[in-house]
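Engineer: Heads up: the sequence shown begins at 96 in my numbering, then just goes up one per residue.
First, the structure itself, so that you have it in front of you.
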Amino acid sequence: MPGSPTIVWLRDDLRIADNPALSAAVERGGPVIVLYLLDESSPGVRPLGAASRWWLHHSLARLGEELSELGGALTLRRGEAAASIRALIDETGADAVHWNRRYGAARETDAALKSSLTDDGIEAKSFQASLLFEPWSITTGSGGPYGVFTPYWKACLSRPEPREPLPAPTRIDGLAPGGDALDDWTLLPTRPDWAGGLRETWTPGSAGAHDRLEQFAETVLADYHRRDEPALHATSMLSPHLRFGEISPFEVWHRLRHGLDAAALRNREKFLSEIGWREFSYHILFHHPDLATRNYRADFDHFPWTSPAEDELDRWRHGRTGIPIVDAGMRQLWHSGWMHNRVRMITASFLAKNLQVDWRIGEQWFWDTLVDADEASNAASWQWVAGSGADAAPYFRVFNPELQAAKFDPRGEYVHRWVPEAGTDAYPEPMVDLKASRQAALDAYEAVKAAKQARDAAER
96 MPGSPTIVWL RDDLRIADNP ALSAAVERGG PVIVLYLLDE SSPGVRPLGA
146 ASRWWLHHSL ARLGEELSEL GGALTLRRGE AAASIRALID ETGADAVHWN
196 RRYGAARETD AALKSSLTDD GIEAKSFQAS LLFEPWSITT GSGGPYGVFT
246 PYWKACLSRP EPREPLPAPT RIDGLAPGGD ALDDWTLLPT RPDWAGGLRE
296 TWTPGSAGAH DRLEQFAETV LADYHRRDEP ALHATSMLSP HLRFGEISPF
346 EVWHRLRHGL DAAALRNREK FLSEIGWREF SYHILFHHPD LATRNYRADF
396 DHFPWTSPAE DELDRWRHGR TGIPIVDAGM RQLWHSGWMH NRVRMITASF
446 LAKNLQVDWR IGEQWFWDTL VDADEASNAA SWQWVAGSGA DAAPYFRVFN
496 PELQAAKFDP RGEYVHRWVP EAGTDAYPEP MVDLKASRQA ALDAYEAVKA
546 AKQARDAAER
């Protein structure tokens with residue numbers, strides 16, 4: 096009925112500008128209830144890791160302030176989605192629920208809720224907000240999903256230009272039913288307080304996201320061709336802002352379509368292709384919602400992973416492997432909740448190939464410690480490095496960390512920042528021989544390959 100409230104259910108879209116679900120609710124008229132549910136129990140939901148919980152706290156705090164400035168309010172509740180939203184409808188008389196789509200296993204919860212609400216006469220609408228190209232809209236010539244990035248991205252670029260970002264509402268007629276206090280969710284660490292490096296590095300929220308984008312467009316993008324050098328500030332560092340939806344890919348895309356100098360312009364398409372890798376990861380996740388727990392390539396189900404002792408894993412987790420660039424990356428991660436992408440590949444390869452530890456163990460550690468822990472990119476990237484994923488690195492590609500350091504950190508600036516004791520008596524010996532462990536990995540991969548060929552032959 097006219098004037099009845101509309102619930103806007105936020106998830107990974109913690110922004111006001113270019114938020115289609117919010118814009119549609121405001122345009123509909125009547126009071127708007129902006130809801131964030133801390134849902135850790137609905138099917139398909141993966142509870143956040145510790146670093147992401149820290150980010151979420153600060154992002155929600157900033158969003159609440161921004162909504163208040165426009166006359167709105169942020170309602171916080173905790174619980175399973177379907178029951179919580181039903182309860183809020185009963186309390187407020189809301190006759191519509193809007194949300195922006197998600198693409199992992201939790202989309203089944205959304206589909207069931209939409210069907211149930213519609214059957215009961217409640218308007219339930221979902222919108223495209225977090226991806227430039229929705230996963231089902233990009234298909235091969237035979238109508239199936241892509242499994243290789245280059246033709247996938249070529250197909251994306253053949254489509255019409257992504258839509259322009261939506262402006263922020265100038266006024267929100269907010270309704271604020273009772274909810275939780277953010278501090279009661281205890282998303283922040285208590286004792287010990289390990290978040291000092293995160294506070295030093297990041298400004299969660301949409302304002303911080305747009306500041307980061309402007310800095311990238313105006314200064315950093317010109318150096319993006321040197322993005323593989325971890326000692327330089329030559330990457331966007333937008334990943335956590337995109338992960339929490341504080342800025343949309345549409346805003347990023349169109350900001351980089353104008354106002355760039357010649358030095359930045361030469362690097363633009365390469366950067367946008369990295370946005371494309373994010374899109375590709377969600378394309379894969381949509382068709383393989385168990386991407387974080389199951390090998391994309393089933394032949395890797397037979398890989399002979401080792402069973403390391405916990406103290407051995409801790410040497411990798413906390414940067415005490417005796418391999419300087421690996422340790423530098425893991426310490427950067429522990430300190431800042433982020434790691435340079437080139438070094439992510441090096442540290443992941445060291446775990447999965449030199450140590451032959453199941454990639455899922457590494458993926459889980461990154462999930463817990465990254466502020467940009469993304470359900471698609473994190474799992475897809477780990478599988479890419481391990482060789483088990485879509486468009487994966489060839490099984491015989493084992494990143495040699497010493498050669499990688501010599502190529503991308505030739506003066507040792509990155510290593511010296513994070514591992515100042517490297518090269519002294521205080522630094523541990525390498526926990527494995529790189530050459531011997533590389534050969535062991537190759538032998539294991541060859542065995543998996545041979546076993547697959549034998550199975551295929553037996554089935555013919």
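Built from N, CA and C at the ideal position, the CB exists for glycine as well.
So, helix, strand or coil for residue 545, using DSSP?
Structural biologist: Taking the first residue of the sequence shown as position 1, residue 545 is located at position 450. Looking at residue 545 - three-state DSSP - the assignment turns out to be helix.
Engineer: Distance, Cα to Cα, residue 150 vs residue 545?
Structural biologist: Against the sequence shown, residue 150 aligns to sequence position 55. Against the sequence shown, residue 545 aligns to sequence position 450. Taking the straight line from one Cα to the other gives about 45 Å.
Engineer: Answer yes or no: do residue 343 and residue 225 have a C-beta to C-beta separation smaller than 8 Å?
Structural biologist: Counted from its first residue, the sequence shown places residue 343 at position 248. Counted from its first residue, the sequence shown places residue 225 at position 130. Cβ atoms of residue 343 and residue 225: closer than 8 Å.
Engineer: For residue 446, collect the residues of the same chain with a Cβ closer than 6 Å to its Cβ; drop the 5 residues on either side in sequence, then sort them by chain order.
Structural biologist: For the purposes of this step, residue 446 is taken as residue 351 along the sequence shown, with counting starting at 1. For residue 446, where only same-chain residues beyond five positions count, the Cβ hits under 6 Å are 411, 452, 457.
Engineer: Between 321, 374, 156, which lies nearest to residue 249 when the distance is taken from Cα to Cα?
Structural biologist: For the purposes of this step, residue 249 is taken as residue 154 along the sequence shown, with counting starting at 1. Considering only alpha carbons, the answer is 374.
Engineer: In the DSSP assignment, find the beta strand (DSSP E) that holds residue 170 and state where it starts and stops.
Structural biologist: Taking the sequence shown and counting its residues from 1, one reaches residue 170 at position 75. Segment 169-173, the beta strand (DSSP E) holding residue 170.
Engineer: Given a cut-off of 8 Å on the beta-carbon distance, is the pair residue 227 and residue 348 in contact?
Structural biologist: Along the sequence shown, one-based indexing puts residue 227 at 132. Along the sequence shown, one-based indexing puts residue 348 at 253. Taking 8 Å as the Cβ cut-off, residue 227 and residue 348 qualify as a contacting pair.
Engineer: Taking its Cβ as the centre, do 16 or more other Cβ atoms sit within 10 Å of residue 499, making it buried, or is it exposed?
Structural biologist: Within the sequence shown, numbered from 1, the residue matching residue 499 stands at position 404. Classification of residue 499: buried, given that the 10 Å Cβ count is 16 or more.
Engineer: In chain order, what residues of the same chain have a beta carbon less than 6 Å from the beta carbon of residue 209, not counting five sequence neighbours either side?
Structural biologist: Your numbering for residue 209 matches position 114 in the sequence shown. If we look at residue 209 and ignore the five residues flanking it on each side, its Cβ neighbours are 219.
Engineer: Report the residue from 189, 221, 184, 212 whose alpha carbon sits nearest the alpha carbon of residue 202.
Structural biologist: Along the sequence shown, read from residue 1 onward, the residue named residue 202 stands at position 107. When each option's Cα is compared against that of residue 202, the closest is 221.
Engineer: Please say whether residue 351 and residue 112 have beta carbons closer to each other than 8 Å?
Structural biologist: Taking the sequence shown and counting its residues from 1, one reaches residue 112 at position 17. Taking the sequence shown and counting its residues from 1, one reaches residue 351 at position 256. The answer is no: Cβ separation not under 8 Å.
Engineer: Start and end of the beta strand (DSSP E) containing residue 449?
Structural biologist: On the sequence shown, residue 449 is found 354 positions in, with the first residue counted as 1. That residue, residue 449, is in no beta strand (DSSP E); it is neither H nor E in DSSP.
Engineer: Suppose you measure from the CA of residue 102 to the CA of residue 166; what does that come to, to the nearest Å?
Structural biologist: In the sequence shown, the residue the question calls residue 102 occupies position 7. In the sequence shown, the residue the question calls residue 166 occupies position 71. Taking the straight line from one Cα to the other gives about 15 Å.
Engineer: Check whether the segment 297-309 and the segment 187-202 touch, using three or more Cβ-Cβ pairs below 8 Å as the test.
Structural biologist: The segment 297-309 vs the segment 187-202: no contact.
Engineer: Could you name the residues that DSSP lists as bridge partners for residue 357?
Structural biologist: The sequence position of residue 357 within the sequence shown is 262, counting from 1. Paired residue(s): none; residue 357 is not in a bridge.
Engineer: Per DSSP, what kind of secondary structure is residue 128 in: helix, strand or coil?
Structural biologist: Sequence index remark: in the sequence shown, residue 128 carries index 33 (1-based). Strand, per DSSP.
Engineer: My output table needs one value for residue 121: the three-state DSSP class, helix, strand or coil.
Structural biologist: Taking the sequence shown and counting its residues from 1, one reaches residue 121 at position 26. Correct three-state label for residue 121: helix.
Engineer: Just to check my reading of the structure: residue 132 and residue 176 have Cβ atoms closer than 8 Å, yes? What is that Cβ distance to the nearest angstrom?
Structural biologist: As a working mapping, residue 132 is identified with position 37 in the sequence shown. As a working mapping, residue 176 is identified with position 81 in the sequence shown. Contact flag correct, Cβ pair sits at about 6 Å.
Engineer: Can you give the beta carbon distance from residue 422 to residue 414, rounded, assuming they're within the 8 Å contact cut?
Structural biologist: On the sequence shown, position 327 is the one that residue 422 refers to. On the sequence shown, position 319 is the one that residue 414 refers to. About 4 Å; that satisfies the 8 Å criterion.
Engineer: From the DSSP output, read off the bridge partner residues of residue 195.
Structural biologist: Reading the sequence shown from its first residue, position 100 is the one you call residue 195. Answer is 222, bridged to residue 195.
Engineer: Between which residues of its own chain and residue 148 is the CB-CB distance below 7 Å, once the five residues before and five after are set aside?
Structural biologist: Your numbering for residue 148 matches position 53 in the sequence shown. 282.
Engineer: List the residues that DSSP assigns as beta-bridge partners of residue 269.
Structural biologist: As a first step, residue 269 is located in the sequence shown; it is residue number 174 there, counting from the start. According to DSSP, residue 269 bridges with 127.
Engineer: Run through the DSSP bridge pairs and tell me what residue 149 is partnered with.
Structural biologist: Along the sequence shown, read from residue 1 onward, the residue named residue 149 stands at position 54. None; residue 149 has no bridge partner.
Engineer: Leaving out the 5 sequence neighbours to the left and right, which residues in its chain are closer than 6 Å to residue 449 when beta-carbon positions are compared?
Structural biologist: In the sequence shown, counting from the first residue as 1, residue 449 sits at position 354. 527, 532, listed in sequence order.
Engineer: So, for residue 96: in the same chain, excluding its five sequence neighbours on each side, which residues have a beta-carbon less than 7 Å away from its beta-carbon?
Structural biologist: Within the sequence shown, the letter at position 1 stands for residue 96. Any reading at residue 96 needs caution, since the residue's pLDDT is 47, under 50, leaving its predicted position unreliable; the model's value is listed next. Once the five neighbours on either side are set aside, the close Cβ partners of residue 96 are 190.
Engineer: Could you work out which residue in 285, 319, 269, 424 is closest to residue 187 when comparing CA atoms only?
Structural biologist: Taking the first residue of the sequence shown as position 1, residue 187 is located at position 92. Closest by alpha carbon: 269.
Engineer: For residue 200, is the classification buried or exposed, using 16 other Cβ atoms within 10 angstroms of its Cβ as the cut-off for buried?
Structural biologist: Counted from its first residue, the sequence shown places residue 200 at position 105. Residue 200 should be labelled buried.
Engineer: Under 8 Å between the Cβ atoms of residue 146 and residue 469?
Structural biologist: The residue given as residue 146 occupies position 51 in the sequence shown. The residue given as residue 469 occupies position 374 in the sequence shown. Not in contact: residue 146 and residue 469 (Cβ atoms no closer than 8 Å).
Engineer: Which residue comes first and which comes last in the alpha helix (DSSP H) that contains residue 183?
Structural biologist: Mapped onto the sequence shown, residue 183 falls at position 88. Note, residue 183: alpha helix (DSSP H), 176-187.
Engineer: With DSSP as the reference, please indicate the residues paired to residue 105 in a beta bridge.
Structural biologist: By 1-based counting over the sequence shown, the position of residue 105 is 10. DSSP, once it has assigned bridges, lists 131 as partnering residue 105.
Engineer: Can you list, in chain order, the residues of its chain whose CB lies under 7 Å from that of residue 140, leaving out five sequence neighbours each side?
Structural biologist: Here residue 140 is taken as the residue at index 45 of the sequence shown, counted from 1. These residues qualify, in order along the chain: 134, 201.
Engineer: State the Cα-Cα distance for the pair residue 329 and residue 509, rounded to the nearest angstrom.
Structural biologist: Along the sequence shown, one-based indexing puts residue 329 at 234. Along the sequence shown, one-based indexing puts residue 509 at 414. Straight-line Cα distance between these residues: approximately 13 Å.
Engineer: Quick one: Cα of residue 416 to Cα of residue 129, how far?
Structural biologist: Sequence index remark: in the sequence shown, residue 416 carries index 321 (1-based). Sequence index remark: in the sequence shown, residue 129 carries index 34 (1-based). For residue 416 and residue 129, the distance between alpha carbons rounds to 47 Å.
Engineer: Just confirm the distance between the C-beta atoms of residue 482 and residue 391, as a whole number of angstroms; I'd bet it's less than 8 Å.
Structural biologist: If you number the sequence shown from 1, residue 482 lands on position 387. If you number the sequence shown from 1, residue 391 lands on position 296. In fact, because the Cβ distance is near 10 Å, the residues do not count as touching under 8 Å.
Engineer: What residue range does the alpha helix (DSSP H) around residue 496 cover?
Structural biologist: Looking up residue 496 in the sequence shown gives position 401. Segment 496-503, the alpha helix (DSSP H) holding residue 496.
Engineer: Residue 398 to residue 372, Cα distance in whole Å?
Structural biologist: Mapped onto the sequence shown, residue 398 falls at position 303. Mapped onto the sequence shown, residue 372 falls at position 277. The straight-line gap from Cα to Cα measures roughly 26 Å.
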